[in-house]
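In what follows, a single structure is set out as structure tokens and then discussed.
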Amino acid sequence: MLFNSKLIKKHLDSKRTNIKIFLKDISYTSLLLFLKLIDNSDSFISQINLQDFLDILLIITILDIEKTKERDYFLKDLLRNVMSEMLRQDSTLYFDNNLCIYHYSYIKKSLFMDIWIFFINFITFDDKSAQIFIVLSGNRNLCFKRTYMFSDSYNSVKKPNKTNFTIRLDNISINKTYKIFTSKFLVKTWIFFSRIANFDIIYLIFTNEETYEKAKLLWSNVTFYTRKLYIRSSTNVIELFLNKNMPIFWNKLKVLKLECNLTLIELKKLLTLCSNINKVTLKSELFDFERVRSLIDFYRLNLDKICKIFCQTYEFLNTDPEILQLMPKNLIFYSSKFQNASVDTEIPMKFIPFLHNYYHDYQYQRTAGFPTSLAILDCFMPKIIRISIEYDSPARELNNSVLVSMKYIKTIKYLFLVNIVLNKMMLIYFLETNTLVSIELVNSYFLCSLDFLSYGSMTNRNLKSLALNNLKSHIDYNFLIYLNRFKCIQSFMLIHTEIRNSLSPIRKICNFFHSFFIQENKKYLKNLEIKTDLNDYKTINILYFLSEVYDFSKLLNIVYCVYRITEKETKFFITMKKLESITLKIYHGSDCIDFEKLFNKALFSSVVLVALNVNRIREKDFKFFKLFKNLGLLSLSIEVLDYKTVSSLRKNNFKTTEINIMKPVRTNRSREINYFLDEEFGPNFF
1 MLFNSKLIKK HLDSKRTNIK IFLKDISYTS LLLFLKLIDN SDSFISQINL
51 QDFLDILLII TILDIEKTKE RDYFLKDLLR NVMSEMLRQD STLYFDNNLC
101 IYHYSYIKKS LFMDIWIFFI NFITFDDKSA QIFIVLSGNR NLCFKRTYMF
151 SDSYNSVKKP NKTNFTIRLD NISINKTYKI FTSKFLVKTW IFFSRIANFD
201 IIYLIFTNEE TYEKAKLLWS NVTFYTRKLY IRSSTNVIEL FLNKNMPIFW
251 NKLKVLKLEC NLTLIELKKL LTLCSNINKV TLKSELFDFE RVRSLIDFYR
301 LNLDKICKIF CQTYEFLNTD PEILQLMPKN LIFYSSKFQN ASVDTEIPMK
351 FIPFLHNYYH DYQYQRTAGF PTSLAILDCF MPKIIRISIE YDSPARELNN
401 SVLVSMKYIK TIKYLFLVNI VLNKMMLIYF LETNTLVSIE LVNSYFLCSL
451 DFLSYGSMTN RNLKSLALNN LKSHIDYNFL IYLNRFKCIQ SFMLIHTEIR
501 NSLSPIRKIC NFFHSFFIQE NKKYLKNLEI KTDLNDYKTI NILYFLSEVY
551 DFSKLLNIVY CVYRITEKET KFFITMKKLE SITLKIYHGS DCIDFEKLFN
601 KALFSSVVLV ALNVNRIREK DFKFFKLFKN LGLLSLSIEV LDYKTVSSLR
651 KNNFKTTEIN IMKPVRTNRS REINYFLDEE FGPNFF
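In UniProt numbering, the protein residues as written are 1 to 686.
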């Protein structure tokens, strides 16, 4: 394993005759033990205490030993011995906080991450359905707004930090992890690793009371050692923080985000714990004046802290405008709608500077412009603006005053346009804006040509997500020239929109197009979603069309719903080596997908979700799917399902994978098939 040390390799490459490596603050016995264990793993039994364990991790960090199978085996043996140490100790866990604070500063997060993953593997018996989202790093970012399976990864517009160490526990993973309470030594190991892991984010999701009660026990004797804590709950979470005999939050906790409904008393209790937290975000269904007043009182005394409130409804009843005028700038309040005595109402003018509207929905009328003046709309501080014309009305252009207004509203992040004519001025606005991170165009169409792009080099480096949904006009290669001006797109969606991917007969456009892309590096997408109409057999080779702009080799998520996958597109699928989520839907009634030809073998280690909607699945396809080592969910919608094929689907080949057959539904399957599935996977198989 020492040959994989970058530090030792560096010294050897320097050809020095006298090489010295200093291992500061590491016990001599730990060093001897480390050297002994490298060559003889059998000597692990009854030798490693907690200090030795941390010292060995620090030695691996200092030597910068690369991640290899050999190092993983070493760490797994180290983990087993530490767990044995917990088994031998008394019920009270000895733990030297000073020792661990020192080690926090130096031990690589990747080592803690690997140890944590191995521990989770042990307590869940390698159950991928529990593991997949327990430990996250590198590829994924967590988005507090969305918590379903992949949107928190792929719809995130922030640049991922590869050094982040995140734990995300939801109903499934909490129920699996809760099994440690059958063994005291596992509980002590959980406490120990929770203290040393030094998380960047802990993200907890409770959607029922039972899960919440289990989570309270899991963290009953654990401080939240994390820099950011996100909790989303359908029940009250305040008890998670109370009645502990130790500090609740780590002194380095900087961000707390809670999505739950707190009473006034519970909110006041929470505020007593937030004096050292820099940023607090609270999301709630309902907020009233008394709760806002408590926040005003607290944050007027803590001007160096920031708090943001997002609520679905604010109740104006008994609101005192004089108290609202005392709201400090470090307290920002957003609401989706406002009520007075439970009756929907517009926000009164006197409250506009203090209560903001996060989402602004505007039904456009050409003669009216925006319903409020620019100054007032800017006071709303909207993050999301939706401008629409009714579907049964003809699409219209926005007048210039609307565009001018939007240019001056610096808080807009997300723009939705429905049934709008996209003229030259609008397309230039998309390029010029430095605030928008997401644009979705629905039922709209392009009015102008894109020739104006030939006369400038305007680009956009802020937009991260672009969605074209059910456009009334087609897109062609000229649109790709425009698309290429957005340099930082990570997510692209093309839904029910016609593509004309034949080259223009005009030679000058062809020449311009070719030279344009030759000079530009292609952009890497993370998320790609393509859906054509059910009977659209003409729109093919979409990947080939988009490949003029995008490189698919770093895609994490693909949703591809088309009439058929052509041979030309197969060549692009095989370049996708980092996919984690695959959703395929093929409309053609007789096509069978050759998955071995379609997917790169590198996906055997990365893919965690496969969802297929196809005409037929064959026996060899199930043999192929069992090669995916980390597959957590296999969802199948199949037109033709016969017993011979189903009988090749064995639980032993998918021990840690959840399998759902969405179609045919149980009532439409033969008794023979249902009997087999019940016997193999359990009664009343989905």
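Ideal placement from N, C-alpha and C gives every residue a C-beta, glycine not left out.
**Assigned exposure category for Asp152 - 16 Cβ within 10 Å defines buried** = With a pLDDT of 34 at Asp152, under the threshold of 50, the predicted position of this residue should be treated as unreliable, though the coordinate-derived value follows. Counting Cβ neighbours within 10 Å, Asp152 comes out buried, since at least 16 surround it.
**Request:** With DSSP as the reference, label Ala611 as helix, strand or coil.
**Result:** strand
**Asked** What are the complete alpha helix (DSSP H) segments, minimum 4 residues, inside the stretch 298 to 352?
**Response** 321 to 324
**Request:** From the DSSP output, in three-state form, read off Arg232 for me.
**Result:** strand
**Request:** Can you say whether Leu677 is buried or exposed, counting buried as having 16 or more other CB atoms within 10 angstroms of its CB?
**Result:** With 16 or more Cβ atoms within 10 Å of its Cβ, Leu677 is classed as buried.
**Three or more C-beta pairs below 8 Å linking the stretch 62 to 78 and the stretch 169 to 179** = no
**Request:** Following the continuous beta strand (DSSP E) through Ala467, name the residue where it begins and the one where it ends.
**Result:** Ser465 to Asn469
**Message:** Is it buried or exposed, Ser275, if we count other Cβ atoms within 10 angstroms and call 16 or more buried?
**Reply:** By the 10 Å Cβ count, Ser275 comes out exposed.
**Asked** Is Ile661 near Leu636, with beta carbons less than 8 Å apart?
**Response** yes
**Message:** For Pro348, count the other beta carbons within 10 Å of its own beta carbon; 16 or more makes it buried, fewer makes it exposed. Which is it?
**Reply:** exposed
**Message:** Taking 8 Å as the threshold (C-beta atoms), are Ile428 and Leu398 in contact?
**Reply:** no
**Asked** Who are Met493's beta bridge partners in DSSP?
**Response** Answer is Ala467 and Glu529, bridged to Met493.
**Request:** With a 10 Å radius around its C-beta and 16 neighbouring C-beta atoms as the bar for buried, classify Tyr408 as buried or exposed.
**Result:** Under the 10 Å beta carbon count, Tyr408 is surrounded by fewer than 16 other beta carbons and is classified as exposed.
**Request:** Report buried or exposed for Pro382, applying the criterion of at least 16 other Cβ atoms within 10 angstroms of its Cβ.
**Result:** buried
**Message:** DSSP has Thr61 in a bridge; who is on the other side?
**Reply:** Looking at the DSSP assignment, Thr61 forms no beta bridge with any residue, so it has no partner.
**Message:** Restricting to Cα atoms, I'd like to know which of Thr124, Asn535, Thr223 and Lys257 is closest to Leu242.
**Reply:** Thr223
**Message:** Could you compute how far the alpha carbon of Asn460 sits from the alpha carbon of Leu483?
**Reply:** Those two C-alpha atoms are separated by around 10 Å.
**Prompt:** Quick one, which of Lys268, Phe486 and Phe333 has its alpha-carbon nearest Tyr524's?
**Reply:** Phe486
**Prompt:** Is Tyr563 buried or exposed, if buried means 16 or more other CB atoms sit within 10 Å of its CB?
**Reply:** buried
**Request:** For Gln325, count neighbouring Cβ atoms within 10 angstroms of its own Cβ and tell me buried if that reaches 16, exposed if not.
**Result:** exposed
**Asked** Among residues of its own chain, excluding the 5 on either side of Leu33, which ones have a beta-carbon nearer than 8 Å to its beta-carbon?
**Response** Correct list, in chain order: Gln47, Ile48, Asp52 and Ile56.
**Three-way DSSP call (helix, strand, coil) for Tyr154 in this model** = Here the model assigns Tyr154 a pLDDT of 32, short of 50, so the residue's position is not dependable and the matter cannot be decided.
**Request:** Have a look at the DSSP bridge pairing and note the partners of Ile582.
**Result:** Paired residues: Ile558 and Val610.
**Asked** Excluding sequence positions up to five away, which residues of its chain have a Cβ less than 8 Å from the Cβ of Lys464?
**Response** Val157, Val437, Ser438, Cys488, Ile489, Gln490 and Ser491
**Close Cβ partners of Arg669 (< 6 Å) along its chain, the five nearest in sequence each way excluded** = The answer is none, since no qualifying residue turns up.
**Message:** Could you pull the DSSP bridge partners for Lys257 from this structure?
**Reply:** In the DSSP assignment, the residues bridged to Lys257 are Tyr230 and Thr281.
**Request:** Could you tell me which of Arg293, Lys571, Lys554 and Cys561 sits nearest to Val607, measuring between CA atoms?
**Result:** The residue with the shortest Cα to Cα distance from Val607 is Lys554.
**Proximity of Ser444 and Leu471 at Cβ, strictly below 8 Å** = yes
**Request:** Could you tell me if Ile38 is buried or exposed, where buried requires 16 or more neighbouring beta carbons within 10 angstroms of its beta carbon?
**Result:** exposed
**Prompt:** Arg618 to Asp642, Cα distance in whole Å?
**Reply:** 9 Å
**Prompt:** Within 10 angstroms of its Cβ, does Ser5 collect 16 or more other Cβ (buried), or is it exposed?
**Reply:** Under this definition Ser5 is a buried residue.
**Item:** Reduced DSSP category for Glu680 - H, G, I as helix; E, B as strand; rest coil
**Value:** Three-state result, Glu680: helix.
**Message:** For Cys448 and Asp594, I'd like the C-alpha separation in whole angstroms.
**Reply:** Computed Cα separation, rounded: 42 Å.
**Ile201 - containing beta strand (DSSP E), residue span** = Phe199 to Phe206
**Request:** Quick one: measure Cβ to Cβ for Asn600 and Ile574, integer angstroms, because I've assumed they're closer than 8 Å.
**Result:** Taking C-beta atoms under 8 Å as the contact rule, Asn600 and Ile574 qualify, at a distance of about 5 Å.
**Continuous beta strand (DSSP E) stretch holding Asn660: start and end** = Glu658 to Lys663
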